[in-house]
Each structure stands twice: as structure tokens, then as C-alpha cells.
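> Have a look at this one before I ask anything.
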Amino acid sequence: MDYTAEYEKLTRTIKYHMRKYYDEDTPEISDREYDELMMRLKDMEKEHPELVRDDSPTRIIGGSTKRTAGVSVEHDVPMLSIRDVFSKEEVSEWVNEVKSVHPDALFDVEQKIDGLSMSIRYEKGRLVMAETRGDGHTGEDVTENALVIDDVVETLPEKEDYLEVRGEVYMNHESFEKTNSEQELYGKRLFANPRNCAAGTLRQLDSAVVRHRNLSMFVFNVQKGSDAYMTSHAGSMQMLAERLGMKTVPTKLCRDIDEIMKEIDRIGEMRGELPYDIDGAVIKVDNIAYRDDFPAGSKYTSGHIAYKYPPEEKESVIRSIELSVGMTGRINPTAVFDPIRLCGTSVSRATLHNQDFIDELGIGIGQTVIVYKSGEIIPKIKGVNKEKAPKDGEVFKIPDTCPICAFPVRREKDSADLRCINPECSAKLMKRIVNFVGRDAMDIKGLGAESIKALLDEGYIRDISDIYTLKEKRDELISKGLVGKEKNTAKLLEAIEASKVNPPEKLLTGLSIENVGRTSARTIMKHFRTFDALMSASLEELTDVRDVGEITAASIYEFFRNEEIAKLMERLKAYGLNMASDETDTGDDVLAGRTYVITGDLAHFSKREDLVLLIEKHGGKAAGSVSKKTYALINNDAMSNSGKNKKAKELGIPVITEEEFLKELGETP
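Shown next as C-alpha cells:
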């Protein structure tokens, strides 16, 4: 039997969920469901090694390196993953393997904090670099954001020549609930769980947002340092905490398998009461010199394993099923059940996904359901306890009309989703407009959810193009106070007018096309350059775009084949919105093959991001640390003896100012 097709389908599925989890911070399945997919893939590769490819999910780490918060950084010490195990038998086997080689080995057992991994480099006692994991070998420079995290120590009391520590940036439950409350207030997308909120926050360009959301951090490893820190893991954690003032993950030193199991059980029992999420327990060889004797492959750190707890499950009774409508018209059923506590929080709601899911499990009002939460803040329904089913219980059926506008709903081809087909459905329109005016899209400040609702209720907006006709109703808006008084109305109308010149990827993001977000919109418009070219593109041409798969291509293709959308685009074009990338901004390859590093204060750019974009426009690359591959270090203080300047001089790499760089490009400083 040929397993190639099955293998390729499984790898595509896992890569899709890796991208949703690591790159987009919007997971669609639970940790456990993801783990089960990976276990299936590993079993298949073990049975059929001829199928294994270099880009298999079992051989790559995390996600890609997203350039959001800063430039790319080549790790001084690789930031690899930890191999997961799912049974205590596997823990025992691993411990016995270590003991068979090193009978005197000790072990550390720690909470596996559910957050985003970050390494911090110190030179002469000062923080010089903070970087995310990325793909394990290259990450992002997030130094400015790290400096506003209270748990990050900026200056060490002891001036170590070089010290690099690795930790987990996370968001506690209180900060997460506060952040999501604010997101909901302003009509923005809610974060699925604290881990995704922490990841998205750390990658922000604005460190003020990072400070406001109150991230936290536990240090859990010394990546590189003096001998004093590279002997015993427990000892190094104690020194970091007591001598350097760092917040380190709680560590329990264990001698044998019995002590290890007791600590795993203790952490498991207390995880529901912790003020933050954990997704397992990490078991480490304490003697750091022993670790390399137990390699786990190119993807994993040696001398560590992570035990993943089974999902916590409880029963509850469904009291009602609520229906809402998303901005694409999708009908979203949600079960409302008696409150229960899972992993330390009270939950009473869970998505039912679609009618197929409801039918498969036999879900209905009055049914007793099994609810679980695998390291996520949003609970999931696993099944129905049929022994407790009410005698007159029925499987719930989603009505064939929209719960908001009473228009017919339609099941999409090759999909389990039901969608409202009314293009003027108020629920769809409200969410589409909120998305359209958001910061990632057209960024129209002053047009919040309350103002949008008022304009919808009064009939001033029937689709997103009507936003650009509001200037014609200026006096009416002021007299009714729908968006504020005269001053606020004037500011809003100015913001609307200013948005017309936004780059076309902003407009594409704002159109609410399924599976098309800010990052993919930028890639798509870079490929097609004009909306005319994009709207006339075939499915094959769309799938040729980097990072655009068949599902996304189909969404775009079908969206622009809709007659109402075609009319909408004509109106937006007539109102003067920018539909094409600036042809003068095509860039060149003048800097091809060159990698620049930027440091210090800038004189000609308001933010470092702009200089990075200029380098990339001309075919070059920007990195966060100086290495042999660096072409030049851009620093206006060439005489500085900072870490990057010093390293550049040691490697014979030129240090140039902004003006020298710009003149070399032929640009005016």
C-alpha cells in the first residue's frame, strides 16, 4: 500500500496548525489534539522511513521567524525544543537510561510554563540583547520590549563578562482577563489564551503596549556563562535568584524515580490553583556536563524531557445554545452549561463549531457533556454522557435562517459551516466594519465600535464604502452627536480621508476575506501589486504566491467572484482609495547578499523598522547581532566601545553612520 498521499496530507495539516499556533497566535485545535497528530506522524515515519523529508514537522522547530517586533537575530546558543512524553512509563524509561550511564545523576523537576521562549544576553553585567526562539537558530530582536517587563533584570549586580539566560515570557490570568476585556470593549479580536496573548504582545512594535499588558517571565536555564553557572542546574538557578535577582522557575532537585514521580504529581495537583498556565512538567539532568550524553535529535535539547499531563475533564449540563454571526456570515453555535472549574478558572461556555460536530456527539439542551481544557483558557466539549441523557432529549439543529436578520443560511460547498447569505446582515456588517477600521487594516482612529453601531442604526452605513460618504453628512452627524461633537467629528472625517492613501495591503486586510490577515495581505499585494491583477487572478496564480495555500486561494478567488463585492470595489475605487502599490517602490538588488546590523540612536528615521524596510527594499537583510556574515554595522556613534561596535572591530567589519549608508544608496539623508 502506498502511504505517500496520507503522509503528505498529515504533514500539511500539522504545518498549517504550526503556523496558526506559532506564527499567527490563533490556534484552532487543542494542545492535545496537536500532540496526537504529531504522534501519528512519528509512528508513520518510524514504520515508513522512506517517506521522511528534511522539512518534516518532526524535524523543524516551532514556527518561522516573524519580523514584527524587530530584526532577525542569529542565536549564539540554539534555542531548541524539549521532547514531549505522555506517560509516566516513558519518564521512567528515560530516567533509567540516564542512570545506566551516570548512576550518580540527579534530576530537576520544574513547571513547564505555557508562554513564549526568550533568551537574554548580558555583557559586563548589562542587558545587550533579548531574542525570541523563532525557528530555534534565528529569532527576533525584542530587546526594547523585554526592558519593559518587570521580571527582566536590566543591570546585574555582578559584572559577568558574558551571561546568557533563557526563560519563558507569559501572561498571568489577571492580566489576560484585563487585556481581553479591553479588546472586547474596543471591538478587537479576543485572544484565545494567555500563551497566544503573550506571544502576540512580545512581538508588538510598540513597547508601550507590552508595558500596558503586564507580561511576566521565569528564567529556566543558563544558556552560556562562567563555570560557576554551568555545573549544576539547580545551583545555577539558585545563584541567578539569590545573587542576580532574577525570577527563576521553581525547581525541585530529585535523586530517583520515586521523588521525580512525587514532584510530577504535586505539580499536576496544584496546576489548577496557579495564577498562570502550565502545560506540563520538565525533567532535567541536573549535572550539565552529563546532558550531551543523551542527545534527542537536532530539534530537541539534550538531557531534558517534558511530561505532558492528560487533559482535565469534568461533566456539566447544557442549559442553552446561543447562536452568533461572524463577519463572514458564519453561524457560530455556543453551548452554555452549568459553571465548572477547570485548571483554576470558572467556565460555563464552549464552542460547538458546526452542525456536523453537534450531530457527531449528539449534543442537545439538557444533555450532560464532558468538558476539558488542555492548557487553554477556552474549554472544549469532548463528548456526551449518554447514561445521563434526558428521556425527551433531542439533538440540537441550527435553524435554516440567520438568528440576526432571519435571512436564509447556506452550507458552503466542501465545508461544515453554515453562513448567512444576506450581504446586509447587521451582525456581519458590524464586525466587518470593526475589522476594516482597525489598526492592522485602514487604521481609522476615532471610529470605535459604539460609533459604528450608532451609524449602522441610523442608516448612515450599509457597507464599508459608506464610510467614505460620511463627509457629505457632516452637519447631520454633528447635530445628532453620533460620533461626538464638532471637533471629534472633524478629526474622524480627516482620519477617513487620510486612510485613502494607505498601501493596498491595508485595504486587503480590511476586506475580511477568510484566512487573509495582515501578514498574508502584505505578501499577496507584493506579488500582484494591483487590485485589478489580484481580482482577475486564477486559482493557480493565487496558489503560486508564497505562503498562500489552496484554502486561502479559494477564499480569495470566491470573494472577488461575488457580484456585490465587485460593485463594492468599484465604489471604493471611485472614492479614491489606493488600489495599487507605488510603482516607484519596486526596489532593486543593490544590497543583495549584504547583511546589516543596526544599533544606537537614529537621526534620520523615526523608528528602526523604517531603516530595516529600506534595507530590505534594496535586496539586503537586517540582523540583530554582529557575526562574520555581517557586511556592515550601522551606528551613528562609531567611536563607541559598545558590545556590537567592539565585536565588529574584532571581526574587521566596517562601522558606518546612517548618512554614509544613505549616500551609498544614493538616498538623501
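Sequential numbering of the sequence shown, starting at 171, is according to my numbering.
Positions of the beta carbon are idealized from the N, C-alpha and C atoms, including for glycine.
1. For A691 and E711, which I take to be in contact (beta-carbon distance under 8 Å), what is that distance rounded to the nearest angstrom?
2. Per DSSP, what kind of secondary structure is R589 in: helix, strand or coil?
3. Let me know if Y116 comes out buried or exposed under the rule of 16 or more other beta-carbons within 10 Å of its beta-carbon.
4. Please report the distance separating the alpha-carbon of E433 from that of R425.
5. Please identify the residue among D702, S682 and D714 whose C-alpha is closest to the C-alpha of T693.
6. Taking only the alpha-carbon atoms, compute the straight-line gap between S377 and A724 and give it to the nearest angstrom.
7. Using the three-state DSSP reduction, which class does A411 fall into: helix, strand or coil?
8. Since H474 is in the alpha helix (DSSP H), which residue starts that stretch and which ends it?
9. Could you pull out every residue in the same chain whose Cβ sits closer than 6 Å to the Cβ of V265, ignoring the five residues on either side in sequence?
10. Using CA coordinates, which residue listed in K641, I648 and V312 is at the minimum distance from M288?
11. Our contact map puts L640 next to I666 with C-beta atoms below 8 Å; I'd like the distance itself, whole angstroms only.
12. Could you name the residues of the same chain whose beta carbon sits closer than 8 Å to that of V261, not counting the 5 residues immediately before and after it, in chain order?
13. Determine the extent of the alpha helix (DSSP H) in which D529 is found, giving its start and end residues.
14. Could you check if M341 is buried or exposed, using at least 16 other CB atoms within 10 Å of its CB as the buried criterion?
15. Straight-line CA distance for K623 to M214?
16. For V671, count neighbouring C-beta atoms within 10 Å of its own C-beta (all shown protein chains included) and say buried if the count is 16 or more, exposed if not.
17. Hey, Q281 and I437: beta-carbon distance below 8 Å or not?
18. Suppose the cutoff is 8 Å on Cβ atoms and the five residues either side in sequence are ignored; what does the same chain contact list for R778 look like?
19. According to the neighbour-count rule (16 or more other Cβ atoms, all chains shown, within 10 Å of its Cβ), is I488 buried or exposed?
20. Taking G147 as part of the alpha helix (DSSP H), name the residues at either end of that continuous run.
21. So, with DSSP's three-state summary, where would you put Y204?
22. Using the DSSP secondary-structure output, state which residues sit across from M288 in a beta bridge.
23. Helix, strand or coil: which one does DSSP assign to I568?
24. Return the first residue and the last residue of the alpha helix (DSSP H) that C367 is part of.
25. Which of the three DSSP states is assigned to P824 in this structure?
26. Please report the distance separating the alpha-carbon of V247 from that of P465.
27. Please state the DSSP three-state secondary structure of Y727.
28. So, is M440 buried or exposed, given that buried needs 16 or more other C-beta atoms within 10 angstroms?
29. Measuring only the C-alpha atoms, how far is N391 from E301?
30. Leaving out the 5 sequence neighbours to the left and right, which residues in its chain are closer than 7 Å to N384 when beta-carbon positions are compared?
31. Just checking my contact of L747 with G790 at CB under 8 Å: how many whole Å lie between their CB atoms?
32. With distance defined between alpha-carbon atoms, name the residue in V271, L783 and F698 nearest to M749.
33. Going straight from the alpha carbon of T235 to that of G794, what length do you get?
34. Using the Cα positions of P480 and E837, report the straight-line distance between them to the nearest angstrom.
35. Can you tell me whether P227 is buried or exposed? The criterion is at least 16 other CB atoms within 10 Å of its CB, across all chains shown.
In terms of the structure at hand:
1. About 16 Å separates the beta carbon of A691 from that of E711, a gap too long to meet the 8 Å contact definition.
2. strand
3. Examination of residue 116 is not possible in this model, given that the chain is present from 171 through 839 alone.
4. 11 Å
5. The shortest Cα separation from T693 among D702, S682 and D714 belongs to D714.
6. 37 Å
7. Residue state for A411 is assigned as helix, using DSSP reduced to three classes.
8. Premise fails: H474 lies in the beta strand (DSSP E), H474 to Y477, not in any alpha helix (DSSP H).
9. I427
10. V312
11. Contact annotation, L640 with I666: C-beta distance approximately 6 Å; criterion of less than 8 Å satisfied.
12. Contacts found: V255, I427, I430, M431, I434, I453, I475 and Y477.
13. Q525 to L531
14. buried
15. 52 Å
16. The residue is exposed, with fewer than 16 neighbouring Cβ atoms inside 10 Å.
17. yes
18. G240, V241, I768 and L772
19. By the neighbour-count criterion, in which 16 or more other beta carbons inside 10 Å mark a residue as buried, I488 falls on the buried side.
20. The chain is shown from 171 up to 839; residue 147 falls before or after that span and cannot be answered.
21. helix
22. T302 and G337
23. coil
24. It spans P364 to L372 - the alpha helix (DSSP H) in which C367 sits, taken as one unbroken run.
25. coil
26. 16 Å
27. Y727 falls in the helix class under three-state DSSP.
28. With fewer than 16 other Cβ atoms within 10 Å, it is exposed.
29. 15 Å
30. S345
31. Incorrect: roughly 31 Å between the Cβ atoms, too far for contact.
32. F698
33. Here the model assigns T235 a pLDDT of 41, short of 50, so the residue's position is not dependable and the matter cannot be decided.
34. 59 Å
35. buried
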